[in-house]
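Q: Numbering (this note's numbering), first residue to last: 89 to 804.
Even for Gly, the Cβ is constructed at its ideal location relative to N, Cα and C.
Please read through the structure below; I'll follow up with questions.
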């Protein structure tokens, strides 16, 4: 047997031993249990790590996918990058999962955490914050004093250490930086900069944990340090990979927003008054730009809630052309005036030079959006209290195909959406993402080095499609040549869970639908006393159902509604449980939520036993991005409904249903308040996408099942 074959067997053997019933993890990690699916996935990851290439794994809930990819990656001794969709999982990997495995496996591995710039304290902006007019309120001054005290002791500068400061606080942007306002090497605090220190730490580490937003931000502007890091990495893992495409398209395009403009107004006024008072009429410049920004937002019209407007001509649909054009022209002129003012004082401080660069970038984007869309991407306007205009590719296939192809393979697709800044040749003609160097130091002793070869790209999630080929995920990500596998959940869904589609409810389009969903939840709460999560597909339904529950629910049940408290507080309160059979006298909880609560919200145990979904989560048919993708599929001879809308809904439905059963001992019921799931022919495909739960057909049986859950939770 050759040396390479021996190396392969050695790593496979070490991975299998670590995950076995007699292995180090069974001895060192509380609650660890060997699982067949975890073993199968780990072996596939081990092969990919050694041979290179692309591996896509859909691992059902409870598989233990985190350990399934971490164990072979850590034991391989190869330098690795692990990316997640959320900062919560990023922190969990860095603070808990990876250290626990390193300790159990006895590996001399150095790990770093790298977040986006705005997650770190900016020492320069902290020094300027005291001069901000936004600190007039005593509570803001007290909060800033707390930040200043923390700044003296923190090593990382990670704002997550400040548990009492919410990201929505007006202080957050005053003491952190963005790509737009960072001064770079000209900053007087550059040597002590927490962002730069985090990057240096990452470059010196064996494993670096990032998130998808940071990854794509770097692909588009090469600003976060990932571009320098990636060529040295041989294994890249994307956890929660189902979000890659949607996150990516927003970063790989162009955008202009009133938020960016208001931030420029704030920074120009504050910096001008502090460093060049009297030299330029800063109040007049910033006031004019603020008014122009406000008028631009008003030119998009008034809409109920947040909407996306299609944009195929000179301006978005349903927008008055003259008003839109005039507001953009006025905005452009105000930006030119600001730039001229900044140029007059540019030599006084690097702050003014960076502000001038920001202004020029915004002018360039305003010019782009003053014309009609070009190329084969899609353009739209997002209108709410703010306005954001976006032009992006339809998917990330081209960028990812170029990124993950073998070094000697030709680029298959080129076009107007190609992202040159991160994917083209470097200054010396060498590809930025060429072959990774062989790692000689660090890593796991005895694991052996696979030598120079293809990089390994691992993509995993609990939901990556609704059929075995996982085309819903692989096609828009440019992974048509990837190895694909599905690993089933170890949970006994037929015994642990049931699904009920109430036959008496009206169709979702009926005006009475939300009221009757709330009535069903109230009926369920009378039995369960809480332990209920209501997931809605729209904010309107969330508010409607939430208001009805808050006005009619029994006093023994606390009704939580997303948006009425910080997300972290809502999750903490819900996980505390309570309800019928609670021996501590805590009131039960029902949480009504939308959007982000459909995934990443884990509540194992009796605190959650009923998940109610208001309707099938089909993408909005008038969404410009969905519409453009549908048109492309139709032109290619495919079905926009069967090949796009249906698998999109199936993945979202699986995510929502996945909140119910999180451990082998969980019991619960999923209620989908949409009769299309049982009445329409496509309902069978959506039902097959769900875990194999037993079906409840009749309402009395549903109520009996709730009573049985209550008895079990009460210990009777």
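Determine the burial state of residue 115: buried for a count of at least 16 other Cβ atoms within 10 Å of its Cβ, exposed for fewer.
A: In the chain shown, the residue the question calls residue 115 occupies position 27. Exposed, by the Cβ-count rule.
Q: Please tell me whether residue 288 and residue 551 are closer than 8 Å, where the distance is taken between their beta carbons.
A: To locate residue 288, count along the chain shown from 1; it is residue 200. To locate residue 551, count along the chain shown from 1; it is residue 463. The answer is no: Cβ separation not under 8 Å.
Q: Taking the runs of the alpha helix (DSSP H) that are 4 residues or longer, which of them lie wholly in the stretch 182–212?
A: Fully enclosed alpha helix (DSSP H) runs of 4 or longer: 186–193.
Q: Where does residue 347 land, buried or exposed, given buried means 16+ other C-beta within 10 angstroms?
A: Taking the first residue of the chain shown as 1, we reach residue 347 at position 259. That one is exposed.
Q: Using a Cβ-Cβ cut-off of 7 Å (strictly less than) and excluding sequence neighbours within five positions of residue 458, which residues of its own chain qualify?
A: In the chain shown, counting from the first residue as 1, residue 458 sits at position 370. Taken in chain order, the residues that qualify are 416.
Q: From this set, 344, 319, 699 and 353, which residue's C-alpha is nearest residue 453's C-alpha?
A: What you label residue 453 is simply residue 365 of the chain shown in a count that begins at 1. Looking at the Cα atoms, 344 is the closest of the given residues.
Q: Under DSSP, the beta strand (DSSP E) around residue 783 begins and ends at which residues?
A: By 1-based counting over the chain shown, the position of residue 783 is 695. That run of the beta strand (DSSP E) goes 782–784.
Q: Tell me, to the nearest whole angstrom, how far the beta carbon of residue 137 is from that of residue 161; I am working on the premise that it is less than 8 Å.
A: Along the chain shown, one-based indexing puts residue 137 at 49. Along the chain shown, one-based indexing puts residue 161 at 73. Correct: roughly 6 Å between the Cβ atoms.
Q: Which term fits residue 768, buried or exposed, when burial requires 16 or more other beta carbons within 10 angstroms of its beta carbon?
A: For the purposes of this step, residue 768 is taken as the residue at position 680 of the chain shown. When all chains shown are included, residue 768 counts as exposed.
Q: Suppose contacts are defined by Cβ-Cβ distances below 8 Å. Is residue 163 in contact with residue 193 by that definition?
A: Here residue 163 refers to the residue found at position 75 when the chain shown is read from its first residue. Here residue 193 refers to the residue found at position 105 when the chain shown is read from its first residue. Cβ atoms of residue 163 and residue 193: closer than 8 Å.
Q: Consult DSSP for residue 547 and reduce its assignment to one of helix, strand or coil.
A: As a working mapping, residue 547 is identified with position 459 in the chain shown. DSSP places residue 547 in strand when its eight states are reduced to three.
Q: Within the same chain, show all residues whose beta-carbon is closer than 6 Å to that of residue 602, passing over the 5 residues directly before and after it, in chain order.
A: By 1-based counting over the chain shown, the position of residue 602 is 514. Same-chain partners within the cutoff: 629, 632 and 633.
Q: What are the complete alpha helix (DSSP H) segments, minimum 4 residues, inside the stretch 614–665?
A: 627–640 and 655–663
Q: Could you check whether the stretch 650–657 touches the stretch 578–592, counting it as contact only if at least three pairs of C-beta atoms, one from each stretch, sit closer than 8 Å?
A: no
Q: For residue 142, does the three-state DSSP call read helix, strand or coil?
A: The residue you call residue 142 lines up with position 54 of the chain shown. Residue 142 falls in the strand class under three-state DSSP.
Q: With respect to the beta strand (DSSP E) encompassing residue 428, which residues constitute its N-terminal and C-terminal limits?
A: Translated into positions along the chain shown, residue 428 becomes position 340. No beta strand (DSSP E) holds residue 428; the alpha helix (DSSP H) holding it covers 409–432.
Q: With DSSP as the reference, identify every bridge partner of residue 573, one or two as the case may be.
A: Along the chain shown, read from residue 1 onward, the residue named residue 573 stands at position 485. DSSP lists 145 as partners of residue 573.
Q: Pick from 219, 660 and 280: whose alpha carbon is nearest that of residue 245?
A: As a first step, residue 245 is located in the chain shown; it is residue number 157 there, counting from the start. Nearest C-alpha to residue 245: 280.
Q: Relative to the C-alpha of residue 110, which candidate in 747, 292 and 122 has its C-alpha closest?
A: Your numbering for residue 110 matches position 22 in the chain shown. Measuring from the Cα of residue 110, the nearest candidate turns out to be 122.
Q: Around the Cβ of residue 805, are there at least 16 other Cβ atoms within 10 angstroms (buried) or fewer (exposed)?
A: The first residue shown for the chain is 89 and the last is 804, placing residue 805 beyond what the model contains.
Q: Cα-Cα, which of 607, 239 and 128 is closest to residue 104?
A: Here residue 104 corresponds to residue number 16 of the chain shown, with the count starting at 1. Here the closest residue by C-alpha is 128.
Q: Just confirm the distance between the C-beta atoms of residue 436 and residue 364, as a whole number of angstroms; I'd bet it's less than 8 Å.
A: For the purposes of this step, residue 436 is taken as the residue at position 348 of the chain shown. For the purposes of this step, residue 364 is taken as the residue at position 276 of the chain shown. The Cβ separation is near 6 Å, so the contact holds.
Q: To the nearest whole angstrom, what separates the beta carbons of residue 475 and residue 388, a pair I think is in contact under 8 Å?
A: Position 387 of the chain shown holds residue 475. Position 300 of the chain shown holds residue 388. Right, the Cβ-Cβ distance comes to about 5 Å (below 8 Å), so this counts as a contact.
Q: Is it the case that the Cβ atoms of residue 144 and residue 572 are separated by a distance below 8 Å?
A: Taking the first residue of the chain shown as position 1, residue 144 is located at position 56. Taking the first residue of the chain shown as position 1, residue 572 is located at position 484. Yes, the Cβ-Cβ distance between residue 144 and residue 572 is below 8 Å.
Q: Does the stretch 459–470 come close enough to the stretch 695–713 that 3 or more CB-CB pairs lie under 8 Å?
A: With contact defined as three or more Cβ pairs closer than 8 Å, the stretch 695–713 and the stretch 459–470 are in contact.
Q: Flag this pair as yes or no: are the beta carbons of residue 153 and residue 299 separated by less than 8 Å?
A: Within the chain shown, the letter at position 65 stands for residue 153. Within the chain shown, the letter at position 211 stands for residue 299. No.
Q: When you compare only the Cα positions, how much space is there between residue 772 and residue 781?
A: Counting from one through the chain shown, the residue named residue 772 turns up at place 684. Counting from one through the chain shown, the residue named residue 781 turns up at place 693. Going by the C-alpha atoms only, they are around 14 Å apart.
Q: Could you give the distance in angstroms between the alpha-carbon of residue 605 and the alpha-carbon of residue 472?
A: Here residue 605 is taken as the residue at index 517 of the chain shown, counted from 1. Here residue 472 is taken as the residue at index 384 of the chain shown, counted from 1. Answer to the nearest angstrom: the Cα atoms are 27 Å apart.
Q: Determine which residues share a DSSP beta bridge with residue 396 and list them.
A: Position 308 of the chain shown holds residue 396. According to DSSP, which records beta bridges pairwise, residue 396 is partnered with 470.
Q: How about residue 630: is its Cβ closer than 7 Å to a heavy atom in the ligand GDP?
A: Among the components of this structure there are no ligands whatsoever, and the ligand GDP is therefore not found.
Q: Taking three-plus beta-carbon pairs below 8 Å as touching, is the stretch 619–629 in contact with the stretch 679–694?
A: yes
Q: In terms of DSSP beta bridges, what is residue 326 paired with?
A: Locating residue 326 in the chain shown gives position 238, where the first residue counts as 1. Beta-bridge pairing links residue 326 to 171 and 547.
Q: Check residue 687 in the structure and name its three-state DSSP category.
A: On the chain shown, residue 687 is found 599 positions in, with the first residue counted as 1. When DSSP states are grouped into helix, strand and coil, residue 687 belongs to the coil group.
Q: Taking the C-alpha atoms as reference points, what is the distance between residue 483 and residue 581?
A: As a working note, residue 483 is residue 395 in the chain shown. As a working note, residue 581 is residue 493 in the chain shown. Whole-angstrom Cα-Cα distance: 34 Å.
Q: From what residue to what residue does the alpha helix (DSSP H) around residue 449 run?
A: For this step, residue 449 is matched to residue 361 along the chain shown. Run containing residue 449: 438–458, per the alpha helix (DSSP H) assignment.
Q: From 795, 323, 432 and 568, pick the residue whose C-alpha is nearest to that of residue 360; which is it?
A: Along the chain shown, read from residue 1 onward, the residue named residue 360 stands at position 272. Looking at the Cα atoms, 432 is the closest of the given residues.
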